[in-house]
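First to last, the protein sequences are chains R and Y. Be aware that the first sequence starts at 3, since it is given in the working numbering, and climbs by one per residue. Be aware that the second sequence starts at 2, since it is given in the working numbering, and climbs by one per residue. We put the beta carbon where it would ideally sit given N, CA and C, even for glycine. What follows is a single structure, written as structure tokens, with notes after it.
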Amino acid sequence: MKSLLVLLLLGMLGSTQPPASQTVESQPATSPGRFVAVDVFIDAGAKSLAAYQFELKAPGPDVALLGVEGVPDSGFNDPPYYDTRAALNRRIVIAAFNTGSALPSGKTRVATLHLRIAGPGEPQYAATLQVAADADAKAIPATISVAEGATR
Amino acid sequence: MSTLPEQPDEPIISDTLRQDLKDLYSFTASIPAGFDDSVLREAKSTFTQRRRFHSRVRWAIGGISAAAAIMLVALRLSSPSPDRISEHPVVMAIKPGDVDRDGKVDILDAFVVARRLHAHAPIDKAWDVNGDGAVDQKDVDRIGTMAVDISGGVR
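As structure tokens, then:
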């Protein structure tokens, strides 16, 4: 939550300094745009989800990726792996795993992306699940969904 | 229809004329006694030379054919056929970070190494992707970074 507040503050100030390691690019102070949190859910059914990897695209208006964070108490608390050079209107790959024993099952929010949308219109999110695996690193059937959260 | 009178087969000539004509067209040249032998020797010599030449040509052609056949067989044996290639195990280059050797680097590769480290299980030295001489969390993070690399060079 602290990192989110830092991100928001820096974004509102229009700072060109990348906050921590999660900021991908910065926008001029004159066009802050609107800020959106996008939640990514993976539903592994009755199986325990230990690792995931997905690709996300958001073609449409000018969308800047500010950062990606894990979800507390979801089994994927730490920020996932992603390429900070990624531009969301092309594609970004996000992945994480959990070597612990407290693994989630069912529909689980696994990551949250923080975006700044500068242009008009709404981005169209398209997520593709590339890897979903259990604790033995065996592939399990799962589905992925994306939901735009409230403006924060 | 009238019939023609029968004509004699040969004209009637005198014996003198017949003898003179014989003398005129008869060949009376004398041939030396050894002439036939020398012709025969010459002919035999010529035929023998020709026979030798043909024999040499045949041997040369046979030798060249045999050499070509041997070379073909040798080439065939030395270059493996597609069938024989498939009999041998295919050695594929493993990408750095492709821990599970499925041909791509994804989060499962990092996960496998992390599980081993977490369980203190035996570690493959090939998983030292950053080349610092140890397989540790840095290698896990490196493989995880490779898995999400969007440059296309890894995945």
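It is roughly 39 Å from the alpha-carbon of G151 of chain R to the alpha-carbon of V136 of chain Y. When only Cα atoms are considered, F78 of chain R and A53 of chain R end up about 9 Å apart. In the three-state reduction of the DSSP assignment, Y26 of chain Y falls in the helix class. Chain-ordered, the chain Y residues with CB closer than 9 Å to the CB of I96 of chain R read V149. T110 of chain R is a Cβ neighbour of L51 of chain R, given a cutoff of 8 Å. Taking a 10 Å sphere around the C-beta of T49 of chain Y, we find fewer than 16 other C-beta atoms and assign the residue as exposed. Take A104 of chain R, set aside five residues on each side of it, and the residues of its chain with a beta-carbon closer than 7 Å to its own are G77, in chain order.
Sorting R:G123, R:D75, R:V38 and R:K49 by C-alpha distance to the C-alpha of P143 of chain R places R:K49 at the top.
Boundaries of the beta strand (DSSP E) around I44 of chain R: R36 to D45. Within chain R, Q55, A97, Q132 and V133 have C-beta atoms less than 8 Å from the C-beta of D107 of chain Y, given in sequence order. Interface annotation for the region 57-84 of chain R against chain Y: Y83 and Y84, criterion Cβ-Cβ distance under 7 Å.
Chain Y has no Cβ within less than 8 Å of the Cβ of A48 of chain R.
Listed along chain Y, the residues sitting closer than 9 Å to T101 of chain R by beta-carbon distance are F112, A115, R116, L118, H119 and A120.
Closest by C-alpha distance to P106 of chain R, out of R:A137, R:A129, R:R87 and R:L131, is R:A137.
For I94 of chain R, the enclosing beta strand (DSSP E) begins and ends at I94 to F99.
In this structure, DSSP gives S46 of chain Y a helical state, which the three-state scheme calls helix.
Here Y127 of chain R is not bridged, per DSSP, to any residue.
Between Y83 of chain R and I124 of chain Y, the gap from beta carbon to beta carbon reaches 8 Å or more. Sixteen is the threshold: when 16 or more other Cβ atoms of the shown chains lie within 10 Å of the Cβ of F112 of chain Y, as they do, the residue is buried. Around D110 of chain Y, the same chain offers G98, D99, V100, D101, I144 and A148 as residues with beta carbons nearer than 7 Å, after the five sequence neighbours per side are excluded.
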